[in-house]
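Accompanying notes for the structure given below.
What follows is the structure, given as structure tokens:
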């Protein structure tokens with residue numbers, strides 16, 4: 020497989036957050052690592068390294084973790100801290116300064132970035148289109164005294180390469196088939212720090228004293244040092260370890276053992292052939308580019324081999340095996356469709372972003388009688404009448420994930436069992452973002468809003484509660500796939 024690698028960061032992925040200038044006599048280049056929390060295949064780090072070499076300034080990497088972000092918990096914190104440990108090991112002995120900082124109480128980290136930027140030449144950070152990050156980035160652009168650049172390292176298609184939010188996977192896939200190959204010449208460097216950098220520098224003492232490196236927390240056993248932090252301790256750490264090392268291990272395990280079963284068995288809850296890499300993609304511990312390259316290497320694929328038809332169809336696009344085709348459609352079409360919508364619509368996480376037909380039909384049936392109505396607390400505790408739904412919610416609480424197919428059913432039943440559809444949306448977002456390792460992400464918002472009709476079409480016959488929004492039931496799911504083993508495994512008695 021041959022790719023033409025661009026030596027510089029693609030300009031379409033770089034955005035100036037403010038209008039300030041690069042300070043050529045600055046003392047350091049700062050890379051503020053916020054969503055691409057990795058060293059490999061990272062356009063943001065690559066851009067910062069380019070500035071470091073061009074200006075002759077040492078490179079400082081700041082990875083900070085605040086404690087007052089929405090849904091902050093032991094579970095989410097530990098996943099990030101696992102990644103900090105991997106990053107510290109990966110950067111040991113390299114020509115950079117790595118400063119991982121973990122806030123102890125709300126507000127403790129305030130002023131850290133501005134202090135590092137005060138005599139810096141330029142600050143580079145990551146572009147991410149949802150959660151609190153866009154607001155945080157805009158606020159930082161006003162505060163730092165030098166240019167702040169945001170770099171899109173999220174997917175194969177730069178978010179800025181589209182001019183609108185696509186309504187369906189079909190239309191987005193058709194667009195990708197016309198344009199994506201042009202962007203595959205812009206693959207991030209596997210090691211953006213391979214070329215010589217200026218000698219590293221120490222973080223000024225007044226900064227490192229007030230905002231010390233989180234050495235003890237990063238080196239402590241999983242969960243042990245989190246008890247002192249001002250975060251939600253009721254959402255426990257899961258057995259899934261975070262970080263780039265674990266992410267790469269999960270990818271290799273999937274490719275070596277489950278990819279060849281993916282197309283036919285990925286929707287079977289008891290088969291367990293899904294990739295399980297979505298948490299690592301969400302936290303930026305692994306790059307979509309790395310996943311794509313590894314699959315195509317194994318498939319012996321080259322861009323010169325095919326000219327994909329722009330017909331919007333899932334099969335026959337890449338010219339690889341059917342299992343690889345099926346997985347690539349999830350990794351590229353569906354995942355990046357979520358980023359496309361979040362990039363173009365600031366209301367992507369609100370009811371108002373639904374297509375008109377879906378909002379209209381759900382509103383029409385909003386007051387239809389419900390046989391069962393549950394509260395947020397009952398949903399969270401898996402206290403419904405439906406054993407399969409309870410098992411899915413128990414998996415979410417216990418492991419931080421739900422089997423991909425059951426996640427759709429999980430949402431459809433919340434829609435059916437709440438007093439009205441806007442409340443169902445609020446409950447889905449709350450449960451997903453509180454418990455899911457891959458929540459708070461464009462892809463998870465796509466899944467939640469798909470339940471309500473986004474990226475779908477009207478379905479007949481018109482039903483109570485759902486109207487013409489697609490209907491799903493536990494009984495139909497059990498007829499399609501064996502679920503008894505899944506229910507036994509995640510029965511609420513073991514919680």
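Numbering (my numbering), first residue to last: 20 to 514.
By construction, the Cβ of each residue, glycine as well, lies at the ideal position given by its N, Cα and C atoms.
Quick caveat, the model's predicted, so the values are computed rather than measured.
- Message: On the DSSP letters alone, give me the boundaries of the alpha helix (DSSP H) that residue 363 sits inside.
- Response: 354-363
- Going by DSSP, which residues form a beta bridge with residue 119? 82
- Query: When the Cα atoms are used, what is the spatial distance from residue 193 to residue 330?
  - Reply: 6 Å
- Query: Between the stretch 282-296 and the stretch 337-355, are three or more C-beta pairs nearer than 8 Å?
  - Reply: yes
- Which of helix, strand or coil DSSP assigns to residue 337: coil
- Message: When you compare the CB positions of residue 61 and residue 55, do they come within less than 7 Å of one another, or not?
- Response: yes
- Query: Using the C-alpha atoms, what's the distance from residue 220 back to residue 91?
  - Reply: 32 Å
- Message: Taking CB distances under 7 Å as the criterion, tell me whether residue 413 reaches chain B.
- Response: In summary, chain B is missing from the structure at hand, where a single protein chain is found.
- Message: What ranges does the alpha helix (DSSP H) occupy inside the stretch 170-232, keeping only unbroken runs of at least 4 residues that lie completely in it?
- Response: 188-202 and 224-229
- Message: By the DSSP assignment, the alpha helix (DSSP H) with residue 495 in it spans what residues?
- Response: 493-499
- Task: Decide if the stretch 207-225 is in contact with the stretch 77-93; the criterion is three or more beta carbon pairs, one per stretch, under 8 Å apart.
- Result: yes
- Does the beta-carbon distance from residue 10 to residue 48 come in below 7 Å? Since the first and last residues shown for the chain are 20 and 514, residue 10 lies out of range.
- Message: Looking at residue 160: is its Cβ nearer than 7 Å to the Cβ of residue 33?
- Response: no
- Query: For residue 319, does the count of other Cβ atoms within 10 angstroms reach 16, so buried, or fall short, so exposed?
  - Reply: exposed
- Message: With a threshold of 8 Å, are at least 3 pairs of Cβ atoms found where one atom belongs to the stretch 424-434 and the other to the stretch 368-377?
- Response: no
- Identify whether residue 488 lies in helix, strand or coil by the three-state DSSP scheme. coil
- Query: Going by alpha carbons, who is nearest to residue 97 out of 232, 30 and 241?
  - Reply: 241
- Query: Does the distance from the CB of residue 411 to the CB of residue 425 come in under 7 Å?
  - Reply: yes
- Query: Taking the alpha-carbon positions, what's the residue 231 to residue 178 distance?
  - Reply: 35 Å
- Cα-Cα separation between residue 82 and residue 390, rounded to whole angstroms: 49 Å
- Reducing DSSP to helix, strand and coil, say where residue 124 ends up. coil
- Task: Would you list, in sequence order, the uninterrupted beta strand (DSSP E) runs of no fewer than 3 residues that lie entirely inside the stretch 47-97?
- Result: 48-51 and 78-84
- Task: Give every residue of the same chain whose Cβ lies closer than 7 Å to the Cβ of residue 482, excluding the five residues on either side of it in the sequence, and list them in chain order.
- Result: 490
- Roughly how many angstroms separate the alpha carbons of residue 290 and residue 197, rounded to a whole number? 35 Å
- Task: Identify, in the order they occur along the chain, each residue of the same chain with its Cβ nearer than 7 Å to the Cβ of residue 133, setting aside the five sequence neighbours on each side.
- Result: 162 and 163
- Query: For residue 447, which of 369, 478, 505 and 239 has the nearest alpha-carbon?
  - Reply: 369
- May I ask you to check if the CB of residue 42 is nearer than 6 Å to at least one heavy atom of the ligand ATP? As far as ligands go, the structure on display features none, and thus does not contain the ligand ATP.
- Put residue 11 into one of helix, strand or coil per three-state DSSP. No statement about residue 11 is possible, as the shown extent of the chain runs from 20 to 514 and does not include it.
- Item | For residue 297, the three-state DSSP class (helix, strand or coil) | helix
- Output yes or no for whether 7 Å exceeds the beta carbon distance between residue 239 and residue 121. no
- Query: Can you name, in chain order, every residue of its own chain whose Cβ lies under 8 Å from the Cβ of residue 15, other than the five neighbours on each side?
  - Reply: Outside the shown range of the chain (20 to 514) lies residue 15, about which nothing can therefore be said.
- Item | Alpha carbon of residue 477 to alpha carbon of residue 108, nearest angstrom | 51 Å
- Message: If you follow the beta strand (DSSP E) that residue 129 is in, where does it begin and where does it stop?
- Response: Segment: none, residue 129 is in no beta strand (DSSP E) and carries neither H nor E.
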